[in-house]
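Read through the structure below, which is laid out as structure tokens, and then see the notes.
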Amino acid sequence: MNHKYNPEHIKFIAANIHGQGFKELTHMFNTKFGMDLKVSTLASLSDRNGLHNGRDTRLNKGYEPTQFKKGHVPSNKGQKGISYPGMRPTQFKKGNRPASWVPLGSERITKDGYVQVKIDEGKLQHNWRGKHILAWESANGPVPKGHAVIFGDRNKRNFEIDNLILISRKQLVRLNQLNLIQHDADLTRTGIIVADIHNQIGELKKSKGKKSHRGNDISNMAKIHPERKNQSSNLST
């Protein structure tokens, strides 16, 4: 629908457009003059009359108040940050430590109840190691790859060397499966023997299963190719 606009229409837009979204302005305009303009129609009318709201640049195609022009040089080019009076007391200085910093040798408790000791700086999770591991290594050397150190009596505060037991990851899995870690270190050591027996039984079953499968394959081949069996018997006679 074509609309005819008079100076009063343009004057109303000019008086209300600044900072106003075109959707709201269109509603105001239609209410004021009893019209049914679309948002895009009012935006186009405003643009033709050089009126811009400074917000809807997508609708005001000729008005781009926030865009940098080609070749524009920012006012802070070459500056390293912003400095203003009174800010220096709050700045981090070289070597400054956060409030959460603690010295080497400090201890903390994990959510699983293990005590950890800070052994390094600047390596995040590698800064800390289990106290029970450090205690075992101080007496026996580095923990071998694929192994773990457990508490024989399940007490995560008992760091006596006799209570710290080195086991393989494979043993640890079986111990947990069978609930063999007891509240007594000697009983736990017995549990490790039981875990080893179960692991050996599992290995034997796997080995027998492979042999049985291999035997079935040979038997099936003989059924499929009976002439090969006859050939071998003829050769032997």
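Quick note: the sequence shown uses this note's numbering, first residue 1, plus one each step.
Cβ atoms here follow ideal geometry from the backbone N, Cα and C, with glycine treated the same way.
To the nearest angstrom, how far is it from the Cα of H18 to the Cα of V102?
-> 56 angstroms
Unbroken stretches of the beta strand (DSSP E), 3 residues or longer, contained in the segment 132-211 | 147-151, 164-168
Expected contact under 8 angstroms - CB spacing of W136 and L164 to nearest Å = That belief holds up - the Cβ atoms of W136 and L164 are roughly 5 angstroms apart, short of 8 angstroms.
In terms of residue numbering, what span does the beta strand (DSSP E) encompassing K118 cover?
-> 115-118
Please go through the segment 8-37 and give each complete alpha helix (DSSP H) segment of 4 or more residues, from N-terminal end onward.
-> 22-33
Name the two residues that bound the continuous beta strand (DSSP E) containing R108.
-> Segment 107-109, the beta strand (DSSP E) holding R108.
Enclosing beta strand (DSSP E) for R48 [first to last residue] = Here R48 belongs to no beta strand (DSSP E); instead the alpha helix (DSSP H) covers 39-48.
Name the residue from I167, H183, R189, H52 whose alpha carbon lies nearest to the alpha carbon of A14.
-> H52
Buried versus exposed call for L25 [16 or more other C-beta atoms within 10 Å across all chains shown] = That one is buried.
Using alpha carbons as the reference points, say which of V117, E121, P144, G191 lies closest to R97.
-> For the residues V117, E121, P144, G191, the minimum Cα distance to R97 belongs to E121.
Reference D186; option with closest CA among S46, L175, G152 | G152
What residues match up with W128 in a beta bridge as DSSP calls it?
-> K118
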